[in-house]
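Chains as they are written, first to last, in the numbering used here: chain E, 609 to 742; chain S, 609 to 742.
Each residue gets a CB set at the ideal place from its N, CA and C atoms; glycine is no exception.
Note that this is a predicted model, so its numbers are computed, not measured.
Below is one structure, written out as structure tokens, with a few remarks after it.
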DNA sequence: AACCTATGCTTGACACGTCAACCATTGACC
DNA sequence: GGTCAATGGTTGACGTGTCAAGCATAGGTT
């Protein structure tokens, strides 16, 4: 378990270094990816949160910062005024696009020492741990 | 890589839940473990930091909190007045002791779904990723 | 219509992790 | 002995994870 956490941190930092050149953090990147996937219909705040690693409260402030950088647009939903819908902006899409390749490279680099078989085995083991942790 | 980070977070939170009953965090627990291992001779601040996951600056404040709870004692080293030596206190040892068993159980639980062979394979894969990330 | 619980955030407070800048002490070199 | 770079730590600022508490809106129930 120690090894798992250590390795995850090493990998996290290595992705972080790629992202910091665009002035974006890993979590902000994740949110933008999720919103790009959601398309024009946008997503309510907590729906984004539920697709991320963290618990809900942090997501509000995370999106605050993305909105401040004009990468995300927010609007209260007219049908259910409790919800706040979020969309990625054109600027946000641009940032993501410029990161797609470097991030794919980083991913390749991080796993370059493993064979295809190793990778699928690793995924299976990790999934098993995650499923079992309830 | 996503799976790795997700799984690590799940595991981190699960250990966190065990520790919070003693009012201690995972990082604080790590520091105490390191200091227990160091014994009576204590360790300089940055030496502790280098054995942890994080980079140096955070370690000062981490130990500040441990000192505030009287689990750690600090003293400027007389031979090299730049260094600050740290020791775990008796109270700190007590806290650790009360956590040894619950933490071992949590570790077992987290990995109970894997065979011995799976575990050593997982360790090998994780080590390979870590070694390759330089 | 009045009430009540659930839902969807948001905020405040605190623990980190990380970078950049800074201070003190050492040790080496001139 | 005086200067200077290196070492060991600390601080400030900012992003994030998490808990507890709070607020507004929805959707029943009566």
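Just the chain E side, please: which residues come within less than 8 Å of residue i by C-beta, in chain order?
i                      : result
residue 661 of chain S : 613, 614 and 617
residue 658 of chain S : Chain E residues near residue 658 of chain S: none, gap ~13 Å exceeds 8 Å.
Would you call residue i buried or exposed, if buried means 16 or more other Cβ atoms sit within 10 Å of its Cβ?
i                      : result
residue 685 of chain E : exposed
residue 674 of chain E : buried
residue 612 of chain E : buried
residue 724 of chain E : exposed
residue 615 of chain S : buried
residue 739 of chain E : exposed
residue 610 of chain E : exposed
residue 647 of chain S : exposed
residue 631 of chain S : exposed
residue 700 of chain E : buried
residue 714 of chain E : buried
residue 657 of chain S : buried
Taking 8 Å as the threshold (C-beta atoms), are residue j and residue i in contact?
i                      : j                      : result
residue 692 of chain S : residue 640 of chain S : no
residue 637 of chain E : residue 707 of chain E : yes
residue 741 of chain S : residue 626 of chain E : no
residue 642 of chain E : residue 651 of chain E : yes
residue 653 of chain S : residue 671 of chain S : yes
residue 695 of chain E : residue 681 of chain E : yes
What does residue i reach in chain S if we use C-beta pairs closer than 7 Å?
i                      : result
residue 718 of chain E : 609, 737 and 741
residue 620 of chain E : 613
residue 715 of chain E : 609
Name the DSSP bridge partner or partners of residue i?
i                      : result
residue 651 of chain S : S:694
residue 717 of chain E : For residue 717 of chain E, which the question treats as bridged, DSSP gives no partner whatsoever.
residue 641 of chain S : Partner(s): none; residue 641 of chain S has no beta bridge.
residue 680 of chain E : E:696
Got a sec: which bits of the region 670-694 of chain E sit with their beta carbon under 9 Å from any beta carbon on chain S, in order along the chain? none
In the region 622-639 of chain E, which residues sit with their C-beta less than 8 Å from some C-beta in chain S, listed in chain order? 622 and 623
Residues of the region 699-712 of chain E whose Cβ lies closer than 9 Å to any Cβ of chain S, in chain order: none
Relative to chain E, which residues along the region 723-734 of chain S have a C-beta separation below 8 Å, given in chain order? 726, 729, 730, 731, 733 and 734
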